[in-house]
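Note that the working numbering has the sequence shown beginning at 59, numbered continuously upward. Backbone N, C-alpha and C fix where the C-beta goes; we use that ideal spot for every residue, glycine too. It should be emphasised that the depicted structure is a prediction, and the values quoted were computed from it without experimental measurement.
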Amino acid sequence: MNIRIFDTMQQASAAGAEIIAQAIAAKPNTVLGLATGSTPVAMYKELIRMNKAGEVDFAKVRSYNLDEYIGLDGTHDQSYRYFMDDNLFNHVNIDKANTHVPCGTGADHAADAKHYDEMIDAAGGIDVQVLGIGNNGHIGFNEPLTPFTSMTHIVKLTDSTREANKRFFASIDDVPTHAVTMGIHTVMQARSIILMAFGEGKAEIIKKTVEGRPEIAVPASLLQLHEDVEIYLDEAAASKLS
Ligand code: PGA
């Protein structure tokens, strides 16, 4: 793991955007693995700025998002498809047909999940995977104790994850109970990974992730077993590192 600590979230996000821009410059049809949540928003804003300034061209880029809530379609403002359109895709020259978010509303979730992995394979695999990290160490919706070998699958969300996400919904009862997520193995197959974490609330889990033993109890710690991982932190998220 290559850990970089920046003074601010903005600086870390700009550096993250630069990694993506360089990947696209080297390979115009780069396959991006993308994440939702508050963490990547500033990076997406920077990519939008760069795209408008002619510094990055999404015309041939393909993308696969990590996860989606079960039961929310793309018109729901808390669906991750809606989030991606709103925070990135609507503002850059990406072809929406080349953007993929797991389907949470199909008739056969298991078949849809399998198909998602097959599509990623057919695209040649993910070149750059963007990750946030949950307070419990989840990546995507791979909660603690998710098997290392997991591919895209349906998960029951933990109480802590539903609690963390209820701020976006009218009440806890409106937070979906299940999601579809790329598995740990799906993520580990990406050629390179960038995980970002900001704020004091992430300091403890970042310490476990980078200084603890890799273990499925802390899904993000398994990234220690990947050979090309960048961890970009602000000072606050890095404050408990020794
Ligand atoms: P956040 O969520 O970016 O909103 O902190 C990260 C996650 O739960 O994976």
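query: What three-state label does DSSP hand LYS298 in the structure shown?
result: DSSP, reduced to helix, strand and coil, places LYS298 outside both helices and strands of the structure shown, so it counts as coil.
task: With a floor of 4 residues, list each alpha helix (DSSP H) that falls wholly inside the stretch 211-266, ordered by position along the chain.
output: DSSP runs (the alpha helix (DSSP H)) wholly in the stretch 211-266: 217-223 and 242-246.
query: The alpha helix (DSSP H) spanning ILE61 covers which residue range?
result: Per DSSP, ILE61 belongs to no alpha helix (DSSP H); it is in the beta strand (DSSP E), 60-64.
message: Given the structure, does GLY112 come close to the ligand PGA, in the sense that its CB is under 7 Å from one of the ligand's heavy atoms?
response: Between the ligand PGA and the CB of GLY112, the shortest heavy atom gap is not smaller than 7 Å.
field: Whole-angstrom distance between ILE230 and ILE221, CA atom to CA atom
entry: For the record, residue 221 in the displayed sequence is Glu; it is not Ile. If you take the alpha carbons of GLU221 and ILE230, they lie about 7 Å apart.
task: Below 6 Å CB to CB, which residues in the same chain sit around GLY149 once its five sequence neighbours on both sides are set aside?
output: In the sequence as presented, Gly is not what sits at residue 149; that position holds His. The answer, listed in chain order, is ILE106.
query: Which class does GLU126 belong to by DSSP, given the choice of helix, strand or coil?
result: Here GLU126 sits in strand by DSSP.
field: Span separating the alpha-carbon of HIS167 from that of CYS161
entry: Separation of HIS167 and CYS161 (C-alpha to C-alpha, rounded to the nearest whole angstrom) is 8 Å.
- request: Check the C-beta distance from GLN187 over to VAL245 and give it rounded, since I have them as a contact under 8 Å.
  value: Between GLN187 and VAL245, the beta carbon gap of about 6 Å places them in contact (Cβ cut-off 8 Å).
- prompt: Just the Cα atoms here: how many angstroms apart are ALA111 and VAL119?
  reply: Cα to Cα, ALA111 sits roughly 17 Å from VAL119.
- request: Helix, strand or coil for ILE191, going by three-state DSSP, please let me know.
  value: Per DSSP, reduced to three states, the secondary structure at ILE191 is coil, with no helix or strand assignment.
field: Straight-line gap, GLU285 to GLN247 (C-alpha atoms, nearest Å)
entry: Those two C-alpha atoms are separated by around 11 Å.
task: Give every residue of the same chain whose Cβ lies closer than 7 Å to the Cβ of LYS154, excluding the five residues on either side of it in the sequence, and list them in chain order.
output: Here the set comprises PHE147.
query: Between LYS172 and the rest of its own chain, which residues show a CB-CB distance below 6 Å, the 5 nearest in sequence each way excluded?
result: Same-chain partners within the cutoff: there are none.
- request: Put VAL114 into one of helix, strand or coil per three-state DSSP.
  value: Looking at VAL114 - three-state DSSP - the assignment turns out to be coil, as it is neither helix nor strand.
- prompt: Nearest CA to the CA of VAL99: which residue from TYR127, PHE256, PRO272 and GLU262?
  reply: Cα-wise, what sits closest to VAL99 is PHE256.
- prompt: Is ILE191 near the ligand PGA, going by C-beta to nearest heavy atom under 7 Å?
  reply: Flag set: Cβ of ILE191 near the ligand PGA.
- prompt: Helix, strand or coil: which one does DSSP assign to ASP166?
  reply: In this structure, DSSP gives ASP166 a state outside helix and strand, which the three-state scheme calls coil.
query: Can you tell which of ARG249, ASN60, HIS211 and PRO205 has its C-alpha closest to the C-alpha of PRO277?
result: Nearest in C-alpha terms to PRO277, of all of ARG249, ASN60, HIS211 and PRO205, is PRO205.
message: What would DSSP say about LEU280, mapped onto helix, strand or coil?
response: Correct three-state label for LEU280: helix.
- prompt: So, helix, strand or coil for ASN156, using DSSP?
  reply: The answer is helix: DSSP assigns ASN156 an H, G or I state.
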